[in-house]
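Enquirer: This is the structure I have questions about; it appears just below.
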């Protein structure tokens, strides 16, 4: 009983610590965004005259409306395609036990060991040879490839834990491989798919490096590219930068709040299955 009570206390303290570490930076950004544009706020001091108009000013200065449309197009190009590839590959490697699947799985996982930054220069030359520089495809295609290793790892873990009896029963009823995937296993994979889609959405939405290196036109970049609008040659407007960052974060927060039940369900399923 004492051990259980101590564990609960330690868990509560750990959660409170993580909550503070998460919320304090957001509060600091919000307070900073309410100061006068061009000023240099320090700490968590609340301004005497909050400038609520900084958010609309940041919206106009960074051309957020155009970048919102561009980011939406990029996300719609990346997330569905990567989910389809990762789900089918995860099902084949995790549940169908394909010949040579173990070696192929190890080969795919090697992509997780490659630092993302080291791929930028090769990707630049590859997009240049394909005549895709300064287009949204220059962001979409690399992101799909970069998301595949983790996505396959995630979905394979889900399908590997599905009971074989379910597949055997479907086979007895005459289900082929496609019906087995589409009608039997895919509906059961909704929590895992939603969680993976949420993670990929956040990564694609917040993509900055590829957008800056591979696309010169600011109107074709992701919303994270809007942050460069607040940086001048000799100074950076910290206040408008924080306001713009909060505007960029808002869609991801909204999407997470809408899909959080699926996210929690997927995590709990993984915890139960070990």
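Residue numbers (this note's numbering): 30 to 303.
Idealized CB from N, CA, C, for every residue including glycine.
1. What's the gap between the Cα of residue 143 and the Cα of residue 177?
2. Just confirm the distance between the C-beta atoms of residue 80 and residue 65, as a whole number of angstroms; I'd bet it's less than 8 Å.
3. Would you report the Cα separation of residue 285 and residue 230, rounded to the nearest angstrom?
4. Roughly how many angstroms separate the alpha carbons of residue 165 and residue 244, rounded to a whole number?
5. Among the candidates 204, 221, 220, whose CA atom is the shortest distance from the CA of residue 213?
6. DSSP on residue 260, reduced to helix/strand/coil?
7. Would you check if there are 3 or more beta carbon pairs closer than 8 Å linking the stretch 132-140 to the stretch 194-210?
8. I need the boundaries of the alpha helix (DSSP H) containing residue 162, first residue and last residue.
9. Check the C-beta distance from residue 29 over to residue 253 and give it rounded, since I have them as a contact under 8 Å.
10. Hey, out of 115, 250, 206, 191, whose CA is closest to residue 163's CA?
11. Apart from the five residues just before and just after residue 171, which ones in its own chain have a Cβ nearer than 7 Å to its Cβ?
12. Given a cut-off of 9 Å, decide if residue 67 and residue 169 are closer than it, judged by their beta-carbon atoms.
13. Hey, residue 35 and residue 259: beta-carbon distance below 9 Å or not?
14. How far does the alpha helix (DSSP H) with residue 231 in it extend, from its first residue to its last?
15. Do residue 180 and residue 223 have their C-beta atoms within less than 9 Å of each other?
Expert: Reading off the structure:
1. 13 Å
2. 6 Å
3. 10 Å
4. 8 Å
5. 204
6. strand
7. no
8. Premise fails: residue 162 is in no alpha helix (DSSP H) and is neither H nor E.
9. There is simply no residue 29 to check, as the chain begins at 30 and stops at 303 in what is shown.
10. 250
11. 152, 239
12. no
13. no
14. 219-234
15. no
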